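Inspection log for the structure reproduced underneath, given as structure tokens.
Chains as they are written, first to last, in my numbering: chain W, 1 to 243; chain U, 1 to 136.
Have a look at this one:
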């Protein structure tokens, strides 16, 4: 018997778990996950991008360690969100892990995270379809939120992820088309195409599609994402309300 | 401090299991890898405190601390705990109370290198698991 696997399962059993994923890297999963957690008071954000943890950077928590109490990992709280990240365990250093290490880290983070009454739990997934995805699937049922950009390079990978999820009986709760357009004096310009492939993908699974604009000001909020009130946060909030 | 959260996880998990199976638990054997550096006396004390008013009330906890065998997947070198002890001591000195392998022993490859080739690509059985449960 693996007590941590069982604890992680029990901990998430009665909570809504929203997994922000893509398969492709660099499409904005971490920003979407952070803004999704911020959109709903009482959320927790668990960063399962073990080797590329972004949540600490986005929230200005780099180098800060979680306190470990008798009840487990104490959250780092910012903007009303309880943040848990491996970065809060190892500090500001690289993480390199084989598959069994990734599985152990996912189970332990979720088993020991002191979630309190947090609901929903938003999970920021790493790129790829590796051990973290398998480990999360072993632990809990989750609502997949798929993030892509209009690029064919991104869409193709996300499509494979959606097909895999369908095979294990999960359909996307939402598809997010990130970096979709630029708002130019009230009219929308789509520099990378209209994202028709992503739209068809969402329609084929009966999932709503949310277009996120390119907002250059977002970069100013890396380190204080909880203060961002721009148009991306607005659309992500709509997405969360629709879940 | 982490021994308490591990004991809590163990007691809660086994209490649920005992309830589902309609049994009381008499003895539990928990196997932990030595790099976790768990304090067995604190773990046992925590277990004995937390088991009250559960289906583990009569249970005795035995903790087996096992020394893993390691294999480097890069060069194939196989080695024992004694060859990584120095690296573990350094890590404990660096992190102190917040020693990461205490909480997640599977993180070992992030911190420990193969003593022969220096690779982090190290394989070992590092999970915390229940080896035996005796019921009444």
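No residue lacks a Cβ here, since even glycine has one placed at the ideal position from N, Cα and C.
Note that this is a predicted model, so its numbers are computed, not measured.
Quiz item: Can you tell me where the beta strand (DSSP E) with residue 149(W) in it begins and where it stops?
Solution: For residue 149(W), there is no enclosing beta strand (DSSP E), as DSSP gives it neither H nor E.
Quiz item: Under 9 Å between the Cβ atoms of residue 44(W) and residue 20(W)?
Solution: Not closer than 9 Å, so no.
Exercise. List the DSSP bridge partners of residue 21(W).
Key: 146(W)
Quiz item: How would you call residue 55(U), buried or exposed, if buried means at least 16 neighbouring beta carbons within 10 angstroms?
Solution: buried
Quiz item: Helix, strand or coil: how does DSSP classify residue 72(W) here?
Solution: strand
Quiz item: Around the Cβ of residue 86(U), are there at least 16 other Cβ atoms within 10 angstroms (buried) or fewer (exposed)?
Solution: exposed
Practice problem: Could you pull the start and end residues of the alpha helix (DSSP H) that residue 62(U) belongs to? | Solution: From DSSP, residue 62(U) is part of no alpha helix (DSSP H) but of the beta strand (DSSP E) over 60-66.
Quiz item: Which same chain residues, not among the five before or five after residue 107(U), have their C-beta less than 8 Å away from its C-beta?
Solution: 100, 101
Quiz prompt | Same chain only: Cβ atoms within 8 Å of residue 181(W), ignoring 5 sequence neighbours per side | solution = 188, 189, 190, 191, 211, 213, 214
Quiz prompt | Neighbourhood of residue 264(W) by C-beta distance below 6 Å, restricted to the same chain and skipping five residues each side | solution = A query on residue 264(W) cannot be resolved here, the shown segment of chain W reaching from 1 to 243 and no further.
Practice problem: Check the C-beta distance from residue 136(W) over to residue 146(W) and give it rounded, since I have them as a contact under 8 Å. | Solution: Their Cβ separation, rounded to whole angstroms, is 14 Å, which puts residue 136(W) and residue 146(W) out of contact at 8 Å.
Quiz item: If you count every other CB in all the chains shown that lies within 10 Å of the CB of residue 6(W), and 16 or more means buried, which is it?
Solution: buried
Quiz item: Going by beta carbon distance, what residues of the same chain come within less than 7 Å of residue 51(U), once the five residues before and after it are set aside?
Solution: 11, 57, 59
Exercise. Can you grab the Cα-Cα spacing for the pair residue 30(W) / residue 195(W), in whole Å?
Key: Residue 30(W) and residue 195(W) have their C-alpha atoms some 21 Å from each other.
Quiz item: Hey, how far is the Cα of residue 122(U) from the Cα of residue 3(W)?
Solution: 24 Å
Quiz item: If we ignore side chains and look at the alpha-carbon of each, how far apart do residue 57(W) and residue 53(U) end up?
Solution: 43 Å
Exercise. Mark residue 3(U) as exposed unless 16 or more other C-beta atoms lie within 10 angstroms of its C-beta, in which case mark it buried.
Key: buried
Quiz item: Does the distance from the C-beta atom of residue 29(U) to that of residue 131(U) stay below 9 Å?
Solution: yes
Practice problem: Along the alpha helix (DSSP H) that carries residue 101(U), what are the first and last residues, could you check? | Solution: 100-103
Self-check item: Closer than 9 Å to chain U by CB, residue 73(W)
Solution: Cβ-Cβ to chain U under 9 Å: yes for residue 73(W).
Quiz item: Which two residues bound the contiguous beta strand (DSSP E) that contains residue 181(W)?
Solution: 174-184
Quiz item: Which chain U residues are close to residue 7(W), counting only those with a beta carbon under 8 Å from its beta carbon?
Solution: 9, 12, 13
Practice problem: Would you mind stating whether residue 51(W) and residue 94(W) have Cβ atoms separated by less than 9 Å? | Solution: yes
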